[in-house]
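Asker: Per the working numbering, residue 1282 is the first one in the sequence shown, and the count goes up by one each step.
Even for Gly, the Cβ is constructed at its ideal location relative to N, Cα and C.
This structure is a prediction, so every number in the text was calculated from the model and none was measured.
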Amino acid sequence: MRMHMRRFTRLTNAFSKKVENLCHMLALYFMFYNFARIHQTLRVTPAMEAGVSEHVWTIEEILDLLPEEDVVILK
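#1: Could you pull out every residue in the same chain whose Cβ sits closer than 8 Å to the Cβ of residue 1288, ignoring the five residues on either side in sequence?
#2: With a threshold of 6 Å on Cβ separation, who are the neighbours of residue 1315 within its own chain once the five nearest residues in sequence on each side are excluded?
#3: Using the Cα positions of residue 1322 and residue 1330, report the straight-line distance between them to the nearest angstrom.
#4: Assign residue 1289 to one of three DSSP states: helix, strand, or coil.
#5: Residue 1342: which of 1300, 1301, 1309 sits nearest, CA to CA?
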């Protein structure tokens, strides 16, 4: 996780000022990591390997899970 997210590297200015923002970012990262990213050793996503999902999710599908007022801010 530290290798992929700038918020967790040392001596950085890309930090969250609010704990709530950090929690939201972690949730998005874990959703992407488990449902949208194909892993090299598995050759599928972890969710597909576990039988939770049948396809690789797109970013649009992940954003569709967010409440409408949050999506307006992101787009």
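Answerer: According to the structure shown:
#1: Answer for residue 1288: 1295, 1296, 1297, 1303, 1306, listed in chain order.
#2: The residues are 1327, 1328.
#3: Cα to Cα, residue 1322 sits roughly 11 Å from residue 1330.
#4: DSSP places residue 1289 in the helix class (H, G or I) of the three-state scheme.
#5: It is 1309.
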